[in-house]
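Structure, as structure tokens:
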Amino acid sequence: MSPLMKIATGSIVVGIVVLALKTLAWWMTGSIALLSDALESMVNVATAIAALIAIRLASRPADANHPYGHHKAELFSAILEGVMIIIAALLIMREAYHGFLAPRMLDAPLEGLLVNGLASVINAFWCWMLITQGRKRRSPALVADGRHLFTDVISSVGVTFGVLVAILSGWAILDPLMAVIVAINILWSGWRVMRESLSGLLDEAIPDVTLAQVRETISREAEGAVEAHDLRTRHAGQASFIEFHLIVPGEMTVNAAHDICDRIEAALKEILEGCVVTIHVEPERKAKRSGIVVL
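In our numbering, the protein residues as written are 217 to 511.
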């Protein structure tokens, strides 16, 4: 099992444990705010399963029907997660509405908050793990899952504070009010996850900082060529694609031009591990004098 698969599987296990704890906290107290926390954890489990399936699909090698690989499967998973987050927020708002109509004081609130707090600590650790490993391994599915968990942690902190205030003040209306605030925060999180995933599906270019490194690398490693132009990049999940035209002197042999291309490709793969590089070699008469200058 690959490291990504192990992390994704761990997310499912952690999600089930946290869901059980938060459901127990809601059962102990009857709090709508804690119910909203449990509903979000239910979404966490579903999206963790979706992320595992997506990572498994994305790891498949290219084939005749998918010559560029299956990398975008992770982006579809992130979009699905965004949709499910929004559905969870709507369910929470529905419960909060009923709470506004008939507010009531909570049962065993302190014990319930302690159980919910334990679940939040577990979530906080796993959230850090997902975002760190997702960025390290360039996995949109893991990063999206981690960001969702981060909003869950923030929501849990807000819920705990709101329920404590409701206990101390006797204002039962604060319980459904906190649920509404949680729902709004979840909606914003869902929108962010979907927006970033759509950028990947639309073949967004690699980040500007990385693009600058790519340009500098081509300029440094293309010694013997004249220039490089028409540089285009895109990313899809863990994969990055780089393509450009390389202008070489007309009298240069095919072997010499090929050696330059191999040198550039090897250097680019040190910047972006596993990137796919396509170089179109052209004679000097095709130079545009406006591309990447070779050092």
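C-beta: ideal position from N, C-alpha, C; glycine also.
* To do: Measure the C-alpha to C-alpha separation of Leu-393 and Ala-249 and round it to an integer number of angstroms.
  => To locate residue 393, count along the sequence shown from 1; it is residue 177. To locate residue 249, count along the sequence shown from 1; it is residue 33. The straight-line gap from Cα to Cα measures roughly 8 Å.
* **For Ala-304 and Phe-460, the rounded distance between their alpha carbons** => Against the sequence shown, residue 460 aligns to sequence position 244. Against the sequence shown, residue 304 aligns to sequence position 88. In a straight line, the C-alpha of Phe-460 is about 44 Å away from that of Ala-304.
* Asked: Taking only runs of the alpha helix (DSSP H) that begin and end inside the region 283 to 369, which ones reach a length of at least 4 residues, in chain order?
  -> 289 to 317, 325 to 352
* Rounded to whole angstroms, how far is the Cβ of Val-464 from the Cβ of Ala-483, which I believe are closer than 8 Å? -> Here residue 464 is taken as the residue at index 248 of the sequence shown, counted from 1. Here residue 483 is taken as the residue at index 267 of the sequence shown, counted from 1. 17 Å between Cβ atoms; not a contact.
* **Cβ contact (3+ pairs, closer than 8 Å) linking the region 397 to 404 and the region 357 to 373** => yes
* DSSP on Ser-435, reduced to helix/strand/coil? -> Walking along the sequence shown from the start, residue 435 turns up at place 219. Of the three classes helix, strand and coil, the one that applies to Ser-435 here is helix, per DSSP.
* Asked: Considering Arg-479, what are the terminal residues of the alpha helix (DSSP H) in which it resides?
  -> What you label residue 479 is simply residue 263 of the sequence shown in a count that begins at 1. Element bounds for Arg-479: 470 to 487.
* Note down, in chain order, each residue of its chain lying with its Cβ closer than 6 Å to the Cβ of Arg-448, except the 5 sequence neighbours on either side. => Residue numbering aside, residue 448 sits at position 232 when the sequence shown is read from its first letter. Once the five neighbours on either side are set aside, the close Cβ partners of Arg-448 are Glu-459.
* Asked: How should Asp-279 be labelled, buried or exposed, when 16 other C-beta atoms within 10 angstroms of its C-beta is the threshold for buried?
  -> As a first step, residue 279 must be located in the sequence shown, where it is residue number 63. The residue is exposed, with fewer than 16 neighbouring Cβ atoms inside 10 Å.
* **Glu-256 in three-state terms, based on DSSP** => As a position in the sequence shown, residue 256 is number 40, starting the count at 1. Looking at Glu-256 - three-state DSSP - the assignment turns out to be helix.
* Asked: So what does DSSP say about Pro-392, is it helix, strand or coil?
  -> In the sequence shown, the residue the question calls residue 392 occupies position 176. In this structure, Pro-392 counts as helix in the three-state DSSP scheme.
* To do: State the start and end residues of the unbroken beta strand (DSSP E) segment that holds Pro-499.
  => As a working note, residue 499 is residue 283 in the sequence shown. Unbroken beta strand (DSSP E) run through Pro-499: 492 to 499.
* **Simplified DSSP assignment, three categories, for Arg-450** => As a first step, residue 450 is located in the sequence shown; it is residue number 234 there, counting from the start. Note: Arg-450 maps to strand in three-state DSSP.
* For Val-510, does the three-state DSSP call read helix, strand or coil? -> One-based indexing of the sequence shown puts residue 510 at position 294. Three-state result, Val-510: coil.
* Alpha-carbon to alpha-carbon, Leu-251 and Trp-344 -> Mapped onto the sequence shown, residue 344 falls at position 128. Mapped onto the sequence shown, residue 251 falls at position 35. Taking the straight line joining both Cα atoms gives about 24 Å.
* Asked: On the premise that Ala-262 lies in contact with Leu-273, defined as a C-beta separation below 8 Å, what is that separation, rounded to the nearest angstrom?
  -> As a position in the sequence shown, residue 273 is number 57, starting the count at 1. As a position in the sequence shown, residue 262 is number 46, starting the count at 1. With a Cβ gap of about 17 Å, Leu-273 and Ala-262 do not count as contacting.
* To do: Following the continuous beta strand (DSSP E) through Ile-458, name the residue where it begins and the one where it ends.
  => One-based indexing of the sequence shown puts residue 458 at position 242. Per DSSP, Ile-458 belongs to the beta strand (DSSP E) from 455 to 464.
* To do: Following the continuous alpha helix (DSSP H) through Trp-387, name the residue where it begins and the one where it ends.
  => Locating residue 387 in the sequence shown gives position 171, counting from the first residue. Here Trp-387 belongs to no alpha helix (DSSP H), and DSSP marks it neither H nor E.
* Asked: Along the chain, where does the alpha helix (DSSP H) that runs through Val-229 open and close?
  -> Numbered from its first residue, the sequence shown carries residue 229 at position 13. Per DSSP, Val-229 belongs to the alpha helix (DSSP H) from 219 to 245.
* Asked: Does the Cβ-Cβ distance between Ile-271 and Met-221 come in under 8 Å?
  -> Here the question's residue 271 lines up with position 55 in the sequence shown. Here the question's residue 221 lines up with position 5 in the sequence shown. Yes, they are a contact pair.
* Going by DSSP, which residues form a beta bridge with Glu-443? -> Residue 443 sits at position 227 when you count from the first residue of the sequence shown. The partner list for Glu-443 (beta bridge, DSSP) reads Ile-463, Val-509.
* **Rounded distance between the beta-carbons of Val-492 and Ile-338, thought under 8 Å** => As a working note, residue 338 is residue 122 in the sequence shown. As a working note, residue 492 is residue 276 in the sequence shown. Contact flag wrong, Cβ pair sits at about 38 Å.
* For Ala-270, three-class secondary structure by DSSP -> The sequence position of residue 270 within the sequence shown is 54, counting from 1. Ala-270: helix per DSSP, three-state reduction.
* Exposed or buried, what is Ala-455 when buried is set at 16 or more other beta-carbons lying within 10 Å of its beta-carbon? -> In the sequence shown, counting from the first residue as 1, residue 455 sits at position 239. Result: buried.
* To do: Taking the CB atoms as reference points, tell me whether Ile-508 and Ala-444 lie closer together than 8 Å.
  => Locating residue 508 in the sequence shown gives position 292, counting from the first residue. Locating residue 444 in the sequence shown gives position 228, counting from the first residue. Yes. Within cutoff.
* Use the C-beta contact count for Gly-362: other C-beta atoms within 10 angstroms, 16 or more gives buried, fewer gives exposed. => Within the sequence shown, the letter at position 146 stands for residue 362. That one is buried.
* **CB contact flag (Glu-420, Ile-480, <8 Å)** => Within the sequence shown, residue 420 is the residue found at index 204, counting from 1. Within the sequence shown, residue 480 is the residue found at index 264, counting from 1. It is not a contact, given that the beta carbons lie outside the stated cut-off.
* With 16 other Cβ atoms within 10 Å as the buried cut-off, status of Ser-218 -> Here residue 218 corresponds to residue number 2 of the sequence shown, with the count starting at 1. Ser-218 comes out exposed.
* Which same chain residues, not among the five before or five after Ala-473, have their C-beta less than 7 Å away from its C-beta? -> Position 257 of the sequence shown, counted from the start, is the residue given in the question as residue 473. Excluding sequence neighbours, Ala-473 sits near Val-464, Val-497.
* Whole-Å CB distance - Ile-295 paired with Leu-255, under 8 Å assumed -> For the purposes of this step, residue 295 is taken as the residue at position 79 of the sequence shown. For the purposes of this step, residue 255 is taken as the residue at position 39 of the sequence shown. In fact, because the Cβ distance is near 20 Å, the residues do not count as touching under 8 Å.
* Asked: What is the rounded straight-line gap between the Cα of Gly-315 and the Cα of Val-259?
  -> Your numbering for residue 315 matches position 99 in the sequence shown. Your numbering for residue 259 matches position 43 in the sequence shown. So the two alpha carbons sit approximately 21 Å from each other.
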